[in-house]
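These notes are about the structure you will find just below.
Residue numbers (the numbering used here), protein chains in the order written: chain U, -13 to 102; chain V, 11 to 122.
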């Protein structure tokens, strides 16, 4: 089984400041890792993913994340946030299934609020 | 390419009724997954369909079922609705062999 922990339920930050949203996971099997963003009354949009290779992955809208296998973490960062980044962010893992397919386990989400 | 579409967007049902939600995946995507989002339980995986067969399943009671058609469109059905089934139901599609999923806008189900 997999579990995902997002320690911060809310993160307030001023516009143009840097931000880090934390994500830790546990799994008995290898997993792929994802960050999704959800704007009010909308579905989820994929920000970035880690499947293999370089542990620093870049995504859309200037976001990046670093996979740390020893700490089982996948923290999301942005060097300078914009008011439009205000949204809820979800970290998720998907086990590498022998039968193939997808089965995402999500964290509880972090509400990022960007203030002027 | 058109994104994942879900119909209807909003639905109000009465306890004890049943409901069917529909999802059309991105063209070329043959895997369709369903998730339930509630304030209390967060985002939870329901099931995944691929080539008209349920490939993976979450931990939901048998009242939740789904199916997939030959054109990859999928439906999920909830029978004997309970108040706790009120949620945003999200559908996601992916290309076989690729692990990123693309989500639709969801269907907001309210059970009264």
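Ideal Cβ placement from N, Cα and C applies to all residues, glycine included. Computed from a predicted structure; not experimentally measured.
### Task
List the endpoints of the continuous beta strand (DSSP E) containing residue 97 of chain V.
For residue 97 of chain V, the enclosing beta strand (DSSP E) begins and ends at 97 to 104.
### Query
What is the rounded straight-line gap between the Cα of residue 66 of chain U and the Cα of residue 102 of chain U?
C-alpha separation (whole angstroms): 13 Å.
### Nearest to residue 55 of chain V (by Cα), restricted to the options U:91, U:34, U:-7 and U:44
The residue among U:91, U:34, U:-7 and U:44 with its C-alpha nearest the C-alpha of residue 55 of chain V is U:91.
### Message
Below 7 Å, is the gap between the Cβ of residue 44 of chain U and the nearest heavy atom of the ligand ZN?
### Response
Summarising the ligand content, the structure contains no ligands, and the ligand ZN is consequently not present.
### Message
Quick check on residue -4 of chain U: buried or exposed, where buried means 16 or more other Cβ atoms within 10 Å of its Cβ?
### Response
Residue environment: residue -4 of chain U is assigned as exposed (fewer than 16 neighbouring CB atoms within 10 Å of its CB, all protein chains considered).
### Task
Provide the residue span of the beta strand (DSSP E) that contains residue 79 of chain V, from first to last.
No residue range can be given for residue 79 of chain V, since it is assigned to no beta strand (DSSP E) and is classified by DSSP as neither H nor E.
### Query
Mind pulling the chain V residues with CB within less than 7 Å of residue 94 of chain U?
The answer, in chain order, is 52.
### Task
Check residue 93 of chain V in the structure and name its three-state DSSP category.
When secondary structure is reduced to three states using DSSP, residue 93 of chain V falls in the helix class.
### Message
For chain U, check one thing: does any of its Cβ atoms lie closer than 8 Å to the Cβ of residue 114 of chain V?
### Response
At least one beta carbon of chain U lies nearer than 8 Å to the beta carbon of residue 114 of chain V.
### Query
Taking a cut of 8 Å between CB atoms, which residues from the region 5 to 26 of chain U lie near chain V?
Taking 8 Å as the Cβ-Cβ cut-off against chain V, the residues of the region 5 to 26 of chain U that qualify are 18, 20 and 22.
### Query
Quick one: is residue 78 of chain V near chain U, going by C-beta distance under 8 Å?
Put simply, the CB of residue 78 of chain V is far from chain U, with every gap to its CB atoms at 8 Å or more.
### Query
Could you give the distance in angstroms between the alpha-carbon of residue 13 of chain V and the alpha-carbon of residue 84 of chain V?
Taking the straight line from one Cα to the other gives about 14 Å.
#### Entry: Chain-ordered chain U contacts of residue 110 of chain V [CB-CB under 8 Å]
20, 32 and 35, listed in chain order.
#### Entry: Test item: CB-CB of residue 23 of chain U and residue 73 of chain U under 8 Å
With respect to residue 73 of chain U, residue 23 of chain U sits close: the two C-beta atoms are nearer than 8 Å.
### Task
With distances taken Cα to Cα, identify the nearest neighbour of residue 81 of chain V among V:35, V:25 and V:31.
It is V:35 whose Cα lies nearest to the Cα of residue 81 of chain V.
#### Entry: Residue environment, residue 75 of chain U, which counts as buried when at least 16 other CB atoms sit within 10 Å
It counts as buried.
### Query
Are the region 82 to 101 of chain U and the region -10 to 6 of chain U touching by the rule of at least three beta carbon pairs closer than 8 Å?
Yes: at least three Cβ pairs fall under 8 Å.
### Query
Just checking, does the region -2 to 17 of chain U make contact with the region 53 to 71 of chain U on the three C-beta pairs under 8 Å criterion?
Yes, the region -2 to 17 of chain U is in contact with the region 53 to 71 of chain U.
### Message
In whole angstroms, give me the CA-to-CA distance for residue 13 of chain U and residue 53 of chain V.
### Response
Taking the Cα positions, residue 13 of chain U is about 18 Å away from residue 53 of chain V.
### Message
Along the chain, where does the beta strand (DSSP E) containing residue 96 of chain U start, and where does it finish?
### Response
Taken as a continuous stretch (DSSP letters only), the beta strand (DSSP E) holding residue 96 of chain U covers 96 to 101.
### Query
Do we get a CB-CB distance below 8 Å when we pair residue 47 of chain U with the residues of chain V?
It does not; no Cβ of chain V falls within 8 Å.
### Query
Would residue 58 of chain V count as contacting chain U if we go by Cβ distances under 8 Å?
For residue 58 of chain V, the nearest CB of chain U lies under 8 Å from its own CB, placing it at the interface with that chain.
### Message
By the 9 Å beta-carbon criterion, what residues does the region 69 to 83 of chain U contribute toward chain V?
### Response
Here the close residues are 76, 78, 80, 82 and 83.
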